[in-house]
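**Q** One structure coming up, written as structure tokens, with questions to follow.
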């Protein structure tokens, strides 16, 4: 009998990386890499790759992309580690392009002139990131390597952005104009999102337990939290202004705590209301889905209901509960940005200010950290959930 | 000793267990057998109070179970269920140690006990102790289930169709294992099954149940020889009874012993004293022999059994 040995993963030409690479090549040559604005408001003049970074820079970008395309096509044993080095290094050094661009084109004499990031640069960043994700997946890299990559790339970006060469970048200028506000926004954002998640997690746990003990509560509780979820978020923020305003004028003590019709209080309440549905549903389902024959065995061996809950039901339910917390946290981080509309602060404040002033880079200063926070929370809770999964894969 | 006196269990208007009386002596294996829905599992679950009884009295060693703390009562009764009910997030060792943990034994004692039990159930502690239940085969998992039930050395063992979900070969192995272990540890066992052959093989006494009542409570031999009703007769298999009786009798009963055990070589497949008469007959039919030699556990030839005697007195 003829046995065909399955081709090793390493030897098959990769199709994803060449596709991404070709797309990156096309986009980086077609679109503007960046633009120079004479001041904050006036639209700038765009520069393509060649004009922006010159023959040397354009050549390096093209060569790097071409090299990764070629590497992924040849059946080299070490091609994925090589690709990892190449793409990882390119991503880490990407801000240098903007540095060179600013150095070449920024007029010396005008202090208000600034450089902005163009679509070509964003495309390059996005496609290189996708390539990196593909490579890391192919290498079946562990969490350690992923963490190292993240730290190296983010660290390099932070260092380059703080450097002299990129001081003219409008995003950096917007940040440098308000570093304290930025820090304040970060803490407010975190406090609102995580405060709401923590509170609703506690409440959801109590509600889920109550629903399990008294099944008559199931329909009303699930109905109520689903109803809360269906109200548009802006409407909730708006609806809470009147009653909270009335409360705080009736009880001046509340005012000294900062509870007013606008500000953090209505935002927190609305965020909690929104967080309840995924939390309650996941917690309830997780605990009730523990198989009855396991509980029967435990009970028959002499476990009390309390021991059954803490030794059997909770450990088996925890990964699903954490999944609920993960979804809720990501959702709360996004919603907190909207809460800036009623004066709650956070990164949303930059977004709405930027929209009001037609300063797109101020919008980015609010939007980018919000996205980063959401991604970070996602990674964090995925990791926690995985480490809590007590059972190994069936072998 | 377990005594059920006029015990009734009602679910709403339906009567699941109807005024039954049953006494299970210390050290015996009582098998409750009957078709599904006959109340056998309900009866078992009332003994450890997983279900309350509606009327009557259940006494364990003379004490009313309702007067005892239910958890304390269950800690003193091993419990084995169909599909094992092993905790998937615990290793084999931790699963076996469940009751000793609940009883707060010191760690060294628990470890020693887990190893002892795994050896007793033919599971290698070195390879299996740190595995998780879903990494085991069905038979191994149920061995762990039995080990878990025996962990704190309870006087009573309750087994609710423990081998029901296993394939025929694995089930047969575990039944033999159970007989071996029962000879060593002598637990008062209540065993629920719908398989009459399993009941005949394992029981010291069988309680045949139908529609919530006990139709007959007797030794396997008497159940076969003197079925109390058509129902029991059908259950044990009208025509098949002769062979079933033969499988209950050990060869020892019908052999002609030698005056002195003889040194001889017990080849593979040799008949031993504790094998069933049915097996001896089968061997003789297959090999076309009139008699075969019988060996004891030490491999000495202790007698012969003849085809003639089996035909005359076998059933």
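Protein chains in written order, with our numbering: chain Y, 364 to 758; chain X, 9 to 323.
C-beta: ideal position from N, C-alpha, C; glycine also.
None of the values given here were measured: they were computed from a predicted structure.
1) If you reduce the DSSP assignment to three classes, tell me which class residue 741 of chain Y lands in.
2) In chain order, which alpha helix (DSSP H) runs of at least 4 residues are fully inside the stretch 223–295 of chain X?
3) Give the residues of chain X in contact with residue 667 of chain Y, contact being defined as C-beta atoms less than 8 Å apart.
4) Assuming residue 715 of chain Y contacts residue 704 of chain Y under a Cβ cut-off of 8 Å, what Cβ separation, rounded to an integer in Å, is found between them?
5) Over what stretch of residues does the beta strand (DSSP E) that includes residue 97 of chain X continue unbroken?
6) For residue 758 of chain Y and residue 153 of chain X, I'd like the C-alpha separation in whole angstroms.
7) Chain X beta carbons: is any one of them nearer than 8 Å to that of residue 578 of chain Y?
8) Assuming the contact rule is C-beta atoms closer than 8 Å, residue 258 of chain X and residue 281 of chain X should be a hit. Round their C-beta distance to whole Å, please.
9) Taking DSSP as the reference, what is the three-state secondary structure of residue 408 of chain Y?
10) Residue 424 of chain Y to residue 477 of chain Y, Cα distance in whole Å?
11) Among X:196, X:239 and X:138, which residue has its Cα nearest to the Cα of residue 219 of chain X?
12) Using DSSP bridges, identify the partner residues of residue 326 of chain X.
13) Using a Cβ-Cβ distance cut-off of 8 Å, determine whether residue 757 of chain Y contacts chain X.
14) Relative to the C-alpha of residue 490 of chain Y, which candidate in Y:551, Y:567 and Y:453 has its C-alpha closest?
15) Mapping the DSSP letters down to three states, classify residue 364 of chain Y as helix, strand or coil.
16) Would you decide whether residue 234 of chain X is buried or exposed? Buried here means 16 or more other CB atoms lie within 10 Å of its CB.
17) How would you list, in chain order, the residues of chain X whose beta-carbon sits under 8 Å from the beta-carbon of residue 659 of chain Y?
18) Going by CA-CA distance only, name the one from Y:730, Y:724 and Y:737 that's closest to residue 539 of chain Y.
19) Which residue spans inside the stretch 389–475 of chain Y form an unbroken beta strand (DSSP E) run of at least 3?
20) To which residues does DSSP link residue 329 of chain X through a beta bridge?
21) When we look at the beta-carbon of residue 518 of chain Y and count the other beta-carbons within 10 Å, is it buried (16 or more) or exposed?
22) Verify the CB distance criterion: does residue 106 of chain X have a CB-CB separation below 8 Å to chain Y?
23) Inspect the CB distances between the stretch 70–78 of chain X and the stretch 651–658 of chain Y and report whether three or more fall short of 8 Å.
24) Would you say the stretch 51–64 of chain X touches the stretch 88–106 of chain X, given that touching needs at least three Cβ pairs under 8 Å?
25) Would you list the one or two residues that DSSP bridges to residue 217 of chain X?
26) Our contact map puts residue 693 of chain Y next to residue 748 of chain Y with C-beta atoms below 8 Å; I'd like the distance itself, whole angstroms only.
27) Using the three-state DSSP reduction, which class does residue 612 of chain Y fall into: helix, strand or coil?
28) Let me know if residue 199 of chain X comes out buried or exposed under the rule of 16 or more other beta-carbons within 10 Å of its beta-carbon.
29) With a Cβ-Cβ cutoff of 8 Å, do residue 645 of chain Y and residue 687 of chain Y count as a contact?
30) Using a Cβ-Cβ cut-off of 8 Å, state whether residue 760 of chain Y counts as contacting chain X.
31) Alpha carbon to alpha carbon, what distance is there between residue 665 of chain Y and residue 683 of chain Y?
32) Could you please give me the residues that DSSP links to residue 299 of chain X through a beta bridge?
33) Give the DSSP-derived three-state secondary structure of residue 478 of chain Y in the structure shown.
34) Residues of chain X with CB closer than 9 Å to the CB of residue 679 of chain Y, please, in chain order.
35) Run through chain Y and tell me which residues come within less than 7 Å of residue 82 of chain X, C-beta to C-beta.
36) Which value, in whole angstroms, describes the spacing of the CA atoms of residue 549 of chain Y and residue 150 of chain X?
**A** Quick look at the numbers:
1) helix
2) 228–233, 238–244, 249–256 and 285–295
3) 79
4) 6 Å
5) Here residue 97 of chain X belongs to no beta strand (DSSP E), and DSSP marks it neither H nor E.
6) Any reading at residue 758 of chain Y needs caution, since the residue's pLDDT is 38, under 50, leaving its predicted position unreliable; the model's value is listed next. Spanning the two alpha carbons is a distance of roughly 20 Å.
7) no
8) 6 Å
9) strand
10) 23 Å
11) X:239
12) Nothing about residue 326 of chain X can be reported from this structure: the residues present for chain X run from 9 to 323 only.
13) Confidence in residue 757 of chain Y is poor, its pLDDT being 43 and thus under 50, which makes the residue's placement unreliable; the coordinate value appears in the next sentence. Yes - at least one Cβ of chain X is within 8 Å of the one on residue 757 of chain Y.
14) Y:453
15) For residue 364 of chain Y, the pLDDT reaches just 41, beneath the cut-off of 50, and the residue's location in the model is therefore unreliable, leaving the point undetermined.
16) exposed
17) 58, 89 and 93
18) Y:724
19) 397–400 and 408–410
20) In this structure chain X extends from 9 to 323, so residue 329 of chain X is not present and cannot be described.
21) exposed
22) yes
23) no
24) no
25) X:222
26) Residue 693 of chain Y to residue 748 of chain Y, Cβ: 13 Å. No contact.
27) helix
28) buried
29) yes
30) Residue 760 of chain Y is absent from the model: chain Y starts at 364 and stops at 758.
31) 27 Å
32) X:314
33) strand
34) 95, 96 and 97
35) 663, 664 and 665
36) 55 Å
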